[in-house]
Amino acid sequence: MRFQKAIKRMIALGTGVVMVSSLAAGAADLANYPAPFVSDGKFSGVLVVGDKAAAEDVIGISDIIASLQFSATKKVSTTSGGSESVEGDAWLVQTSDHFELSEDLTNSVQKRETIRNVTPFIDKNDLNALASGDVNNNKGNSPYNQYLYLLGPGAESSLDSGYVLYTEDDEDTTADFLYFRSGKEMFRYLLEFTTALESDVDDSAGSSDTTGLFLTDFQDVELNMLGKAYTIVTAKRTSTAGGSADLILMGGANKDTLVEGQTKTYTIGGKDFETTLNFVDADEAQFIINGQTSRKLKDGDTDKLADGTTVGVTDILYQDYAGGIHSATFFLGANKLQLKDTTVNGTITIHSNSLKVDDETIDDAVVIIEGTDDHSTFKISKIHINMTADDNYFVPAGGSLSEAIKVAGGSSAEPEVLFTENWDVEYRGLKKVDSEKIKLRTSGNSQYNLEFIDGNANKVNVPIAKSPSGSALIFGDTDKDFINRENASISKDDYFIATDGGRKRGERKTFILQYKGSDKVTADNPVLKFKDLGTGDTIEQTYTNASPLATLKIGGADFRVYAFGARDGATPQGGDLSNNDFDIHVDMDASGALSTVPNQTVNITTRYGAEIGLTNVSSADVGVGTVEGIMLTIKAPDSLYDGNARDSVEDLRATDLVINITAASGKVQHSTVPGWSDGQSGNSQINLRTPDGETNVAYGYNSYGAFITRETPTNDPASFEVDWPESQRHPQVYITTKGTSFSESAATTTDAVMVQRIAVGAAKLASEVRDVAAQNTILVGGPCANAAAATVMGNPADCTAGFEPGVGRIELFEFEQTGGNVAMLVAGFGAVDTRNAAAVVANFGDYTGQLKGTKVEVKKVNNQLTVAAPAAATTETA
Numbered sequence: 001m002r003f004q005k006a007i008k009r010m011i012a013l014g015t016g017v018v019m020v021s022s023l024a025a026g027a028a029d030l031a032n033y034p035a036p037f038v039s040d041g042k043f044s045g046v047l048v049v050g051d052k053a054a055a056e057d058v059i060g061i062s063d064i065i066a067s068l069q070f071s072a073t074k075k076v077s078t079t080s081g082g083s084e085s086v087e088g089d090a091w092l093v094q095t096s097d098h099f100e101l102s103e104d105l106t107n108s109v110q111k112r113e114t115i116r117n118v119t120p121f122i123d124k125n126d127l128n129a130l131a132s133g134d135v136n137n138n139k140g141n142s143p144y145n146q147y148l149y150l151l152g153p154g155a156e157s158s159l160d161s162g163y164v165l166y167t168e169d170d171e172d173t174t175a176d177f178l179y180f181r182s183g184k185e186m187f188r189y190l191l192e193f194t195t196a197l198e199s200d201v202d203d204s205a206g207s208s209d210t211t212g213l214f215l216t217d218f219q220d221v222e223l224n225m226l227g228k229a230y231t232i233v234t235a236k237r238t239s240t241a242g243g244s245a246d247l248i249l250m251g252g253a254n255k256d257t258l259v260e261g262q263t264k265t266y267t268i269g270g271k272d273f274e275t276t277l278n279f280v281d282a283d284e285a286q287f288i289i290n291g292q293t294s295r296k297l298k299d300g301d302t303d304k305l306a307d308g309t310t311v312g313v314t315d316i317l318y319q320d321y322a323g324g325i326h327s328a329t330f331f332l333g334a335n336k337l338q339l340k341d342t343t344v345n346g347t348i349t350i351h352s353n354s355l356k357v358d359d360e361t362i363d364d365a366v367v368i369i370e371g372t373d374d375h376s377t378f379k380i381s382k383i384h385i386n387m388t389a390d391d392n393y394f395v396p397a398g399g400s401l402s403e404a405i406k407v408a409g410g411s412s413a414e415p416e417v418l419f420t421e422n423w424d425v426e427y428r429g430l431k432k433v434d435s436e437k438i439k440l441r442t443s444g445n446s447q448y449n450l451e452f453i454d455g456n457a458n459k460v461n462v463p464i465a466k467s468p469s470g471s472a473l474i475f476g477d478t479d480k481d482f483i484n485r486e487n488a489s490i491s492k493d494d495y496f497i498a499t500d501g502g503r504k505r506g507e508r509k510t511f512i513l514q515y516k517g518s519d520k521v522t523a524d525n526p527v528l529k530f531k532d533l534g535t536g537d538t539i540e541q542t543y544t545n546a547s548p549l550a551t552l553k554i555g556g557a558d559f560r561v562y563a564f565g566a567r568d569g570a571t572p573q574g575g576d577l578s579n580n581d582f583d584i585h586v587d588m589d590a591s592g593a594l595s596t597v598p599n600q601t602v603n604i605t606t607r608y609g610a611e612i613g614l615t616n617v618s619s620a621d622v623g624v625g626t627v628e629g630i631m632l633t634i635k636a637p638d639s640l641y642d643g644n645a646r647d648s649v650e651d652l653r654a655t656d657l658v659i660n661i662t663a664a665s666g667k668v669q670h671s672t673v674p675g676w677s678d679g680q681s682g683n684s685q686i687n688l689r690t691p692d693g694e695t696n697v698a699y700g701y702n703s704y705g706a707f708i709t710r711e712t713p714t715n716d717p718a719s720f721e722v723d724w725p726e727s728q729r730h731p732q733v734y735i736t737t738k739g740t741s742f743s744e745s746a747a748t749t750t751d752a753v754m755v756q757r758i759a760v761g762a763a764k765l766a767s768e769v770r771d772v773a774a775q776n777t778i779l780v781g782g783p784c785a786n787a788a789a790a791t792v793m794g795n796p797a798d799c800t801a802g803f804e805p806g807v808g809r810i811e812l813f814e815f816e817q818t819g820g821n822v823a824m825l826v827a828g829f830g831a832v833d834t835r836n837a838a839a840v841v842a843n844f845g846d847y848t849g850q851l852k853g854t855k856v857e858v859k860k861v862n863n864q865l866t867v868a869a870p871a872a873a874t875t876e877t878a
């Protein structure tokens, strides 16, 4: 049985006593709410509802949380967009190379990047907790460096662990996760002495002995590992044969030395511990802590108190003569480590010597000690801790690896596998960047329109597919073709693309124009008319009987317009110009001439650089107009793969999104297609996933961070939407140390508000609260419905005592033993009364001047909530 299971709680729901005092003048006041629950714009505490709470209680606590989140903000002087900041010692998995999102593909092709692909290890230059140090003992000075290796050797090629992917976890939740695979090495900690740490090999009396077991000079050496200080309490060889080491280390919140009979008070986590050294002899010490007597402890021994606090002895001094010193050095809030290696040599030898934490074996943390032993001098050069995943760990956005370990392992979880537990891995989700929507939407069952943002940041909605009947399909709309080939004629009311091909792919500006006809050449000052679908404006461009007829200037580019048939750009077609609304050609890519390549298409580039290609796959057979199918491709063009393009990605080429638009029974339809484009390696496509509880919809990401939504209604045509980022969305994975915090800033055009998110898990059931006094607490529901409320109120025999129908109560309580933590009771005689009280708390700003003191009553009068102090009790006299 895990040792932790034996912990008893001195202050716990239903088992102990919580010392509650009335609030004195100057203490917490309802007038100051949301203080103390929100301090400096940050929520501090928990919200508790009964395990079988009524719906009204649940609604009440939800309203309070929403209100508190609005209050959990602080103003900052910035005009930047939304971002996340980190406070504390943390390293973002990033070098000059960014960590990229992996792809879930429909075949065996792996398009992944692991954290080890970014860098194999980090050191003091990345994380302060990995700072170098040095130790001194009788044998000299031994400087050391620290390193944290990411994943195991070969992970950069096997690509099977340590990556971020949009997938389904073992609990059937679909989301983007940081994933660590079961059985795979996650991390390896290395402490490397640049000058070996040495000790003589001694017997128990401290004399040199080649068969001795004691490594006396290692004792009392202090090592700072991953930001946490530890003292080597005992150091031994495991056998007289040598080549082995067994080190007991101890660290903790408070380290001190007491002489026998001396008493001191120490504070840990806001709680005081009155500690007396009760007994000392030559090799044992005993303490009394808050009235509880520990067992007798030798050097390196620990004992756990009823509240879970650990005391551990590191040194005993017993001078057995009159006036001699009797003392013990100890840790309170101790953490004990055992580093044992039965095969110490000059190389890494993998074996089964597992780390022990507080006397519990951590199977998936293996200790390796490198050094030498000549039976006279023992030298340690390196200490390794290999940390392996015991299960599949899915770390969600906003979550941590330690939490994922607990979720996966349940009661048998071993979060101690993260050596020292003073650090963690946190996945903060994908980088927040601006984005745009690209949509394939229906207009009735027979038509698809394409929506995107053009080169001037205007939304465009253009028809691209229409089914007149059966399986027939028009590229565009009825009598309004969609033209994206320079060798195709453009008739009145046709739509066409104008894309500045002089820029790099991904940076080109695209506009969709509709040709609205022309004056014949003999008219006075004849014009060509176009409609800009982005602005809705009509462009009237004068022309002359020349080749080109005119030049359209849009978005900083020149698009030449020719009469139909003048494909050489030199021969005017005078006959074509003799009538109004003659057909034209347009130099759609602003190259200065019409393309002579048959069926060469011009692509759309959206505001944020998505390149949309539309290919009439049957045009060679049936010509422009009525076609059999249209291939729509969306890609992130990149200089490494796509020629004259911007640098969009680093290592992973984002898989193109490809759909095939067809028709059946006069209805448009589409399907996703693998292997169509050169951006779909290995005949692959993005695997779109349908989360549990949803139907007729599927989602997915490509490695650029484009989020895809495909809806497939039962009786209507499928639709397609892509949330396309302004720049690549990178997973934000951090190696953090204890005390690190994150805050989000909300974008505004003036002053920014930093939103400090209330963490998931702040709302708890009463049974989930171990110690109601350990933090500020908001209790929703009275003692009949909420066991935590009952504890605060002294577990009254009649849980309705003090409550009356139609009256809600808001009351503050202070916990004496925690030095000022506060509980706020939001309750009533019935669930409706509780909800009324919760509504007042959630809308506290509406009750300024009424919400004050330590206790108020809430009543509903004529459908209006009233708030007032309780009426004073009256005493009847005879």
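The opening position of the sequence shown corresponds to residue 1 in this note's numbering, with each subsequent residue numbered one higher. Cβ atoms here follow ideal geometry from the backbone N, Cα and C, with glycine treated the same way.
Bridge-paired residues (DSSP) for residue i
| i | result |
| --- | --- |
| Asp303 | Val311 |
| His730 | BP columns for His730 are empty, so no partner. |
| Tyr903 | Outside the displayed range of the chain (1 to 878) lies residue 903, so it cannot be described from this structure. |
| Asp256 | Phe330 |
| Arg560 | Thr551 |
| Trp676 | Its beta-bridge partners do not exist; DSSP assigns none. |
| Asn120 | Note on residue identity: the sequence assigns Pro, not Asn, to residue 120. Partner(s): none; Pro120 has no beta bridge. |
| Val658 | Thr633 |
| Glu857 | Arg809 and Ala868 |
| Gln514 | Tyr495 and Lys531 |
| Leu652 | In DSSP, Leu652 forms no bridge with anything. |
Beta strand (DSSP E) segment containing residue i, residue limits
| i | result |
| --- | --- |
| Gln864 | Gln864 to Ala868 |
| Glu540 | Thr538 to Thr542 |
| Asp723 | Ser719 to Pro725 |
| Thr106 | Neither: Thr106 is in no beta strand (DSSP E) and is coded neither H nor E. |
| Phe287 | Ala285 to Ile289 |
| Ile708 | Phe707 to Glu711 |
Identity of the residue in the options nearest residue i by Cα
| i | options | result |
| --- | --- | --- |
| Leu215 | Asp203, Ser402 and Leu226 | Asp203 |
| Thr342 | Leu150, Asn353 and Glu198 | Asn353 |
| Ala54 | Gly212, Lys860, Asp833 and Lys529 | Asp833 |
| Gln69 | Gly41, Ile325, Ala235 and Glu816 | Gly41 |
| Val697 | Asp587, Ser518, Ser719 and Lys432 | Ser719 |
| Lys431 | Val527, Glu726 and Leu851 | Glu726 |
| His98 | Ala759, Thr119, Asn580 and Thr263 | Thr119 |
| Ser518 | Leu528, Lys509, Ile512 and Asp524 | Leu528 |
| Leu418 | Ile362, Asp716 and Asn862 | Ile362 |
| Asn616 | Thr633, Asp217 and Gly152 | Thr633 |
| Gly565 | Asn32, Ser578, Ser489 and Gly291 | Ser489 |
| Ile497 | Glu507, Arg503, Gln514 and Gly802 | Gln514 |
| Glu611 | Gly346, Thr499, Asp477 and Ala787 | Thr499 |
Proximity of residue i and residue j at Cβ, strictly below 8 Å
| i | j | result |
| --- | --- | --- |
| Ile708 | Phe475 | no |
| Lys184 | Ser207 | no |
| Ile438 | Trp724 | yes |
| Ser671 | Ile686 | no |
| Thr800 | Phe829 | yes |
| Val460 | Leu552 | no |
| Asn386 | Val366 | yes |
| Thr737 | Asn422 | yes |
| Val822 | Glu814 | yes |
| Leu923 | Leu317 | Any property of residue 923 remains undetermined from this structure, which presents the chain solely from 1 to 878. |
Continuous alpha helix (DSSP H) stretch holding residue i: start and end
| i | result |
| --- | --- |
| Gly409 | Leu401 to Gly409 |
| Ile65 | Ala55 to Ser71 |
Check: What are the uninterrupted segments assigned as alpha helix (DSSP H) that are 4 or more residues long and contained completely in the stretch 137-203, given in chain order?
Finding: 155-158
Checklist line | Every unbroken alpha helix (DSSP H) within the stretch 791-843, with a cutoff of 4 residues, ordered by chain | finding: 831-842
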